[in-house]
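Undergrad: Numbering (our numbering), first residue to last: 34 to 189.
Cβ atoms here follow ideal geometry from the backbone N, Cα and C, with glycine treated the same way.
The structure presented is a predicted model; accordingly, all values stated were derived computationally and were not measured.
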């Protein structure tokens, strides 16, 4: 049986190294993006970049990292459905069993005084994070979703 896989992609890195170490210590494979992957590697952890798992690079200055069928197929595939798991395998995708995401701090940036420039605000609109959260919620029976570092101890 394959190791369970966790996708960790967070804006707020608080506690992410501890979570990554605990998951790796329990035999989980870690997938990650950009800065989160860098933080995990600096903590001595082996990490697979999402771009490596998808075969597609991060593009548009990081605007597109996780919006890929290999990611959402891995999250949404219903483990009890033979047809879902067969399709996942035929496509060369692997299941993702835990999604750890927290979102860009749009509200904090929008509340700044003096106001943040509109270009900065636009970049704080998170697309991939909410999409992964919704995919994991839709497949909640098979995928654990974490959205805040306060939740990490409860799963360890």
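Excluding the 5 residues preceding and the 5 following residue 89 in the sequence, name in chain order all residues of the same chain whose CB lies nearer than 7 Å to its CB.
TA: Here residue 89 refers to the residue found at position 56 when the chain shown is read from its first residue. Cβ within range, chain order: 101.
Undergrad: Quick check on the burial criterion: 16 or more other C-beta atoms within 10 angstroms. Buried or exposed for residue 128?
TA: If you number the chain shown from 1, residue 128 lands on position 95. Residue 128 comes out buried.
Undergrad: So what does residue 39 bridge to, in DSSP terms?
TA: Reading the chain shown from its first residue, position 6 is the one you call residue 39. Residue 39 pairs with 63 and 131.
Undergrad: Could you tell me the alpha carbon to alpha carbon distance between residue 93 and residue 125, rounded to whole angstroms?
TA: As a working mapping, residue 93 is identified with position 60 in the chain shown. As a working mapping, residue 125 is identified with position 92 in the chain shown. So the alpha carbons of these two residues sit roughly 25 Å apart.
Undergrad: Rounded to the nearest angstrom, how far is the Cβ of residue 46 from that of residue 72, given a contact under 8 Å?
TA: Reading the chain shown from its first residue, position 13 is the one you call residue 46. Reading the chain shown from its first residue, position 39 is the one you call residue 72. Yes, residue 46 and residue 72 are in contact; Cβ-Cβ is about 5 Å, under 8 Å.
Undergrad: Once DSSP output is grouped into helix, strand and coil, what is the label at residue 73?
TA: Translated into the one-based positions of the chain shown, residue 73 becomes position 40. Looking at residue 73 - three-state DSSP - the assignment turns out to be helix.
Undergrad: How should residue 6 be labelled, buried or exposed, when 16 other C-beta atoms within 10 angstroms of its C-beta is the threshold for buried?
TA: Residue 6 is absent from the structure shown; the chain starts at 34 and stops at 189.
Undergrad: According to DSSP, is residue 80 helix, strand or coil?
TA: As a working note, residue 80 is residue 47 in the chain shown. In the structure shown, residue 80 sits in coil (DSSP, three-state: anything other than H, G, I, E or B).
Undergrad: Taking the straight line between their C-alpha atoms, what separation do you get for residue 176 and residue 59?
TA: Indexing the chain shown from 1 puts residue 176 at position 143. Indexing the chain shown from 1 puts residue 59 at position 26. Distance between the alpha carbons of residue 176 and residue 59: 17 Å.
Undergrad: Excluding the 5 residues flanking residue 86 on each side, which residues of the same chain have their C-beta closer than 7 Å to its C-beta?
TA: The residue you call residue 86 lines up with position 53 of the chain shown. So the qualifying residues of the chain are 64 and 103.
Undergrad: State yes or no: is the C-beta of residue 132 within less than 8 Å of the C-beta of residue 108?
TA: Counting from one through the chain shown, the residue named residue 132 turns up at place 99. Counting from one through the chain shown, the residue named residue 108 turns up at place 75. Yes, these two residues count as a Cβ contact at 8 Å.
Undergrad: Go through its chain and collect everything with a Cβ distance to residue 105's Cβ below 6 Å, but skip five positions before and after it.
TA: Numbered from its first residue, the chain shown carries residue 105 at position 72. 168.
Undergrad: Skipping 5 residues on each side, what residues in its chain have a beta carbon closer than 6 Å to that of residue 182?
TA: Along the chain shown, read from residue 1 onward, the residue named residue 182 stands at position 149. Same-chain partners within the cutoff: 47 and 48.
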